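A.B. asks: Before we start, here is the structure in question, set down as structure tokens.
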Amino acid sequence: MKISDSSLDTAIARYLTVRRALGREYSNEARVLTSLSKFVRDRYLDDLQKTDFDAWCDSFANLNANTRRSRLGIIRKFCLYRRRTEPDCFVPDINRFPRLVPYRLAVIVGPNDIAKLLAATGQIKRSAKSPLKPEVMRLAVVLLYTTGMRIGELVRLTLADSDAEAGVLHVRESKFHKNRVLPLSVDAQRELNDYLKKRLALPFSNGPDSPLLCHRTDVFRGYCAGGLATEISKAFRVANVRSSDGRVPHVHDLRDSFAQEALLRWYRQGVDVQSRLPKLAMYMGHVSIATTAYYLKWNPARAEVASQHFESHFGNLIDGDAL
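In full-length UniProt numbering, the protein residues as written are 1 to 323.
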């Protein structure tokens, strides 16, 4: 069986329509499927067969095993869907997919690390095309660390989303199609207000839909998530912020650090931590605390304060002589 240049695209479009009807955006799936479709068209292949599929897989063999397995899983689900109407179509063998490997542990950064990181952003050189670069990087670090927001949510913030007077950020259409309002700390509110004064004083677009974080006065544009992450990674290195085993934090580790710091703060305040977890999940834009738990992996600092918290409440119930 052979397919025309457009039949694979038609099948992909039909598949995405069905999946999106379930309420999911499927943007990542669309990118992966489009990549496969382009690979087929560019090489004037007939139908998608094992050798063609393997060649496509080789094009991103340098990626992490988990990333590759995720992409192959997307193609397999599509092919299984397609097989309902095209019984002879190729379906990848899941047993040949890369094995899952443990994800790297996040590098938890504390207040002292953030102080060094902010000092490093002050050393960033500004240019005629990026006159606010140091201020942009400083605000990005402050907001990522104090709100735990995703970097994609940060770069999508507009001037209308940033209410410095009320001290809130409006996060719209986040990962799970949820809008939420993030109240800012006093320090973060002051940082946002200071940035906006400089941002609005320059000849950038100041319309309500204009990006909060922007660069270039000749061709106005906002930052992309990848570009911003790269600059923050450079600042981590300049600040010499590393884990005990020498690893440099990733930008997403600021989100982990936010969650860990929230728990540490609650334990030290002596409040009921379990009752606060749903609030933390809501603030971070999670559907449930099950997702939030991913960011709350064990670490020595939290184990120590949790132990102290337990002892202060129940230490009198345990008789040392009975042990």
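Just so you know, even glycine gets a beta-carbon here, dropped at the ideal spot from N, CA and C.
What you are looking at is a predicted structure, and each value in this text was computed from that prediction instead of being measured.
Under 8 Å, do residue 75 and residue 18 count as touching if we go by C-beta distance?
C.D. replies: Here the question's residue 75 lines up with position 75 in the sequence shown. Here the question's residue 18 lines up with position 18 in the sequence shown. Cβ atoms of residue 75 and residue 18: not closer than 8 Å.
A.B. asks: Decide if residue 2 is buried, meaning its Cβ has at least 16 other Cβ atoms within 10 Å, or exposed.
C.D. replies: By one-based count along the sequence shown, residue 2 stands at place 2. Unreliable positioning characterises residue 2 in this predicted model, as indicated by a pLDDT of 46, which lies under 50. The coordinate reading is nonetheless provided below. By the 10 Å Cβ count, residue 2 comes out exposed.
A.B. asks: Looking at residue 302 and residue 264, is the spacing between their C-beta atoms short of 8 Å?
C.D. replies: Residue mapping note: residue 264 aligns to position 264 of the sequence shown, counting from 1. Residue mapping note: residue 302 aligns to position 302 of the sequence shown, counting from 1. Yes, they are a contact pair.
A.B. asks: To the nearest angstrom, how far is it from the Cα of residue 106 to the Cα of residue 226?
C.D. replies: Taking the first residue of the sequence shown as 1, we reach residue 106 at position 106. Taking the first residue of the sequence shown as 1, we reach residue 226 at position 226. Cα-Cα distance, rounded: 18 Å.
A.B. asks: Tell me the DSSP secondary structure of residue 17 in three-state form.
C.D. replies: As a position in the sequence shown, residue 17 is number 17, starting the count at 1. Three-state result, residue 17: helix.
A.B. asks: Does residue 214 pass the burial test, meaning 16 or more other C-beta atoms within 10 Å, or should it be called exposed?
C.D. replies: Working through the sequence shown from its first residue, we reach residue 214 at position 214. Residue 214 is buried by the Cβ-count criterion.
A.B. asks: In whole angstroms, give me the CA-to-CA distance for residue 112 and residue 240.
C.D. replies: To locate residue 112, count along the sequence shown from 1; it is residue 112. To locate residue 240, count along the sequence shown from 1; it is residue 240. Those two C-alpha atoms are separated by around 12 Å.
A.B. asks: For residue 322, does the three-state DSSP call read helix, strand or coil?
C.D. replies: The sequence position of residue 322 within the sequence shown is 322, counting from 1. Reliability of the predicted coordinates at residue 322 is poor, the pLDDT of 47 falling under 50, and no value is obtained from them.
A.B. asks: Please report the Cβ distance between residue 206 and residue 200, rounded to the nearest whole angstrom; I am assuming they are in contact, meaning their Cβ atoms lie under 8 Å.
C.D. replies: Mapped onto the sequence shown, residue 206 falls at position 206. Mapped onto the sequence shown, residue 200 falls at position 200. Sure, about 6 Å apart at Cβ, within 8 Å.
A.B. asks: By DSSP, does residue 109 sit in helix, in strand, or in coil?
C.D. replies: Start at 1 with the first residue of the sequence shown, and residue 109 comes out as number 109. DSSP places residue 109 in coil when its eight states are reduced to three.
A.B. asks: Taking all protein chains shown into account, decide if residue 108 is buried (16 or more other Cβ within 10 angstroms of its Cβ) or exposed.
C.D. replies: Numbered from its first residue, the sequence shown carries residue 108 at position 108. Classification of residue 108: buried, given that the 10 Å Cβ count is 16 or more.
A.B. asks: Since residue 171 sits in a beta bridge, which residues does DSSP pair it with?
C.D. replies: Taking the first residue of the sequence shown as 1, we reach residue 171 at position 171. Paired residue(s): 180.
A.B. asks: For residue 138, which residues in the same chain have their Cβ closer than 8 Å to its Cβ, ignoring the five residues on either side in sequence?
C.D. replies: Residue mapping note: residue 138 aligns to position 138 of the sequence shown, counting from 1. 118, 121, 122, 191 and 195, listed in sequence order.
A.B. asks: Would you call the CB atoms of residue 47 and residue 78 closer than 8 Å?
C.D. replies: Sequence index remark: in the sequence shown, residue 47 carries index 47 (1-based). Sequence index remark: in the sequence shown, residue 78 carries index 78 (1-based). No, the Cβ-Cβ distance between residue 47 and residue 78 is not below 8 Å.
A.B. asks: So which of 56, 87, 58 and 98 has the shortest CA-CA distance to residue 70?
C.D. replies: Indexing the sequence shown from 1 puts residue 70 at position 70. Taking only the C-alpha atoms, the option nearest residue 70 is 98.
A.B. asks: Can you check DSSP and say which residues form a bridge with residue 214?
C.D. replies: In the sequence shown, the residue the question calls residue 214 occupies position 214. Paired residues: 222.
A.B. asks: Where residue 248 and residue 43 are concerned, what is the direct C-alpha to C-alpha distance, given to the nearest angstrom?
C.D. replies: In the sequence shown, counting from the first residue as 1, residue 248 sits at position 248. In the sequence shown, counting from the first residue as 1, residue 43 sits at position 43. Distance between the alpha carbons of residue 248 and residue 43 is about 40 Å.
A.B. asks: Using only the alpha-carbon positions, how far apart do residue 325 and residue 178 sit?
C.D. replies: Outside the shown range of the chain (1 to 323) lies residue 325, about which nothing can therefore be said.
A.B. asks: According to DSSP, simplified to helix, strand and coil, what is residue 312?
C.D. replies: Looking up residue 312 in the sequence shown gives position 312. Looking at residue 312 - three-state DSSP - the assignment turns out to be helix.
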